[in-house]
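Residue numbers (the numbering used here): 38 to 376.
Every residue gets a Cβ at the ideal spot worked out from N, C-alpha and C, and that includes glycine.
Note that the coordinates shown come from a computational prediction; the quantities given were computed from them, not determined experimentally.
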Amino acid sequence: MDLHPNIPLKNFMTMRLGGPALFMAEAQTPEEIAEIYHFANSRSLPVFVLGGGSNVVANDQGFAGVVIHIRIPGFDVIADDLNSTTVRVGAGEIWDETVKRTVDMHLSGIEAMSAIPGTTGAAPVQNVGAYGQEIADSLQSLTAYDSQTDTFVTLQNADCDFSYRDSIFRGSEKGRYVITSITLKLSKSSPQPPFYDALQKYFDDHGVHAFTQEIVRNAVIDIRTNKLPDPKLLPNSGSFFKNAIIEDWKLNELRTSYPDMPAYDMGDGMLKLSTGWLIEQAGLKGKVIHGMRVHDKNSLVLINESAGSYADLANAREEIIGVVRDKFGVQIEQEPLEI
Ligand code: EPU
38 MDLHPNIPLK NFMTMRLGGP ALFMAEAQTP EEIAEIYHFA NSRSLPVFVL GGGSNVVAND
98 QGFAGVVIHI RIPGFDVIAD DLNSTTVRVG AGEIWDETVK RTVDMHLSGI EAMSAIPGTT
158 GAAPVQNVGA YGQEIADSLQ SLTAYDSQTD TFVTLQNADC DFSYRDSIFR GSEKGRYVIT
218 SITLKLSKSS PQPPFYDALQ KYFDDHGVHA FTQEIVRNAV IDIRTNKLPD PKLLPNSGSF
278 FKNAIIEDWK LNELRTSYPD MPAYDMGDGM LKLSTGWLIE QAGLKGKVIH GMRVHDKNSL
338 VLINESAGSY ADLANAREEI IGVVRDKFGV QIEQEPLEI
């Protein structure tokens, strides 16, 4: 176990903000996770689990405990039949490399989630999704360290209680499990239309009529590169807000004033609004608020242009939430987790 004291969290966050962690430890194996917990428990220190730092923001006080940086490797085929291949992937593998490997094997299921920053083990926490796919659709099971019982467990898909950008790992069981590997069951069939609107439009514009996993991956990479800022060049955490979910009566009310408001049916009388659209219509697109720029190509994304601290980010967030609430009466929420 390799423990490092007093490490600035901002160096590990794609938003480039955050004070120091009392200790930072790297886990290359599941057993190291247990050892780190034993150390933290012996000193009554809290633990925070970090993947790629692309969907987390840390405050200026930092973290008075142990941050575990998950580096567990692995990519193995564990089952194969006529229609599908099942792979088990270490939580520390870079997510996009996992996607690339499965695409190179001509497997379908996660190809539309190309070019999403972060690690493989972090993907189920927020039920990562893009262009019509989410990890909940392919994840068969995962293994995790259960810090409550100090054991290693296997959780099946249904145990994770996945919904839009949510799971038990950031909900009811927050802080309990540390994901060590995930098992994905992927299809050998080629991707089939109909595709998610933005992807279909890309194919129409480029005259693409035959589809492979690689064609979908390359299209998504192209769309994302044009719309989302590269965190290596412009610090950001991807979508900073979740798309708001409202009841159908509320949409009917809103559409009397805003007939063009985009909304996606989620079933059970619930609809998903485009928070990016709301922020844009509220006039904030491209604006700099407390050093945070509302990205001019997608208002869901905040870029840390000159924010000196987490406090600036928090002020910008509250201002944007307030403007959207005042204009539309819709409460929007932050997407990245908070340390
Ligand atoms: N829109 C606007 N203005 C904006 C942004 C979006 O009018 O500034 C409109 C678009 O025109 C479109 C709709 O909103 O009609 C949806 O936009 P888009 O397809 O770009 O998707 P999104 O809702 O902005 C979500 C995910 C992304 C994911 C894309 C594609 C969330 C919080 N975000 O974004 O995920 O890549 O769909 O599937 O659900 C992430 O989580 O970090 C992320 C990038």
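Cβ separation of residue i and residue j, assumed to be a contact under 8 Å, to the nearest whole Å
i    : j    : result
I107 : A77  : With a Cβ gap of about 15 Å, I107 and A77 do not count as contacting.
F112 : L46  : So it is not a contact: roughly 28 Å between Cβ atoms.
S274 : M52  : 5 Å
V103 : V124 : Wrong, their Cβ atoms sit about 30 Å apart, outside the cutoff.
A348 : M329 : The Cβ separation is near 11 Å, so there is no contact.
K238 : Q177 : The pair is not a contact, with the Cβ atoms about 32 Å apart (cut-off 8 Å).
A159 : G88  : 3 Å
A300 : K309 : 7 Å
E130 : P110 : 6 Å
V126 : T157 : 5 Å
L291 : F365 : 6 Å
I40  : A62  : The question names Ile, but residue 40 in the sequence shown is Leu. Going by Cβ atoms, the distance from L40 to A62 rounds to 5 Å, so yes, they are a contact pair.
I357 : I316 : 6 Å
S224 : S121 : 5 Å
V257 : L288 : At roughly 28 Å, the Cβ-Cβ gap does not stay under 8 Å, so V257 and L288 are not in contact.
P266 : H332 : 6 Å
D187 : A64  : Not quite, the Cβ-Cβ distance comes to about 15 Å (not below 8 Å), so this is no contact.
N194 : K264 : 30 Å between Cβ atoms; not a contact.
P67  : Y182 : 6 Å
Which residues DSSP lists as bridging residue i, in chain order
i    : result
I107 : A64
P57  : P45
M307 : E284 and G304
A181 : V190 and I216
Q371 : F278
D39  : E63
L270 : Answer by DSSP bridge pairing: none, since L270 is not bridged.
F100 : A58
L176 : L221
F76  : Partner(s): none; F76 has no beta bridge.
L384 : Because the chain spans 38 through 376 in this model, residue 384 falls outside it and cannot be assessed.
Own chain residues within Cβ distance below 8 Å of residue i, not counting five before or after
i    : result
T250 : A small fix is needed here, since residue 250 is Gln in this sequence, not Thr. These residues qualify, in order along the chain: T139, V140, H143, L144, S145, E148, S227 and P228.
S184 : Y74, V84, G212, R213, Y214 and V215
K137 : S151 and R254
F404 : Because the chain spans 38 through 376 in this model, residue 404 falls outside it and cannot be assessed.
T262 : A152
Nonlocal neighbours in the same chain, by C-beta distance under 7 Å from residue i, ignoring five residues either side
i    : result
L179 : P161, L192, I216, S218, I219 and T220
E69  : M38
R362 : Q368
V325 : E342
G306 : E284 and D285
V93  : M50, L87, P373, L374 and I376
D302 : L308
K322 : I316, V331, D333 and S336
S311 : N280 and P299
Residues of its chain near residue i, where Cβ-Cβ distance is below 6 Å and the 5 sequence neighbours each way are ignored
i    : result
D297 : none
F60  : L40, P42 and V103
A173 : N164 and F199
Examine the Cβ distances between the segment 277-291 and the segment 361-371 and report whether three or more of them are shorter than 8 Å.
yes
Please list the segments of the beta strand (DSSP E) lying wholly inside the segment 107-170, counting only runs of 3 or more residues, in order along the chain.
112-117 and 121-127
Along the chain, which unbroken stretches of the alpha helix (DSSP H) at least 4 residues long are found entirely within the segment 187-266?
234-242 and 250-264
Does the structure place the segment 153-168 close enough to the segment 201-211 that three or more beta carbon pairs sit under 8 Å?
yes
Which ranges would you report for the alpha helix (DSSP H) in the segment 312-360 if only whole runs of at least 4 residues count?
312-318
With contact counted as at least three CB pairs below 8 Å, one residue from each stretch, are the segment 92-99 and the segment 55-63 in contact?
yes
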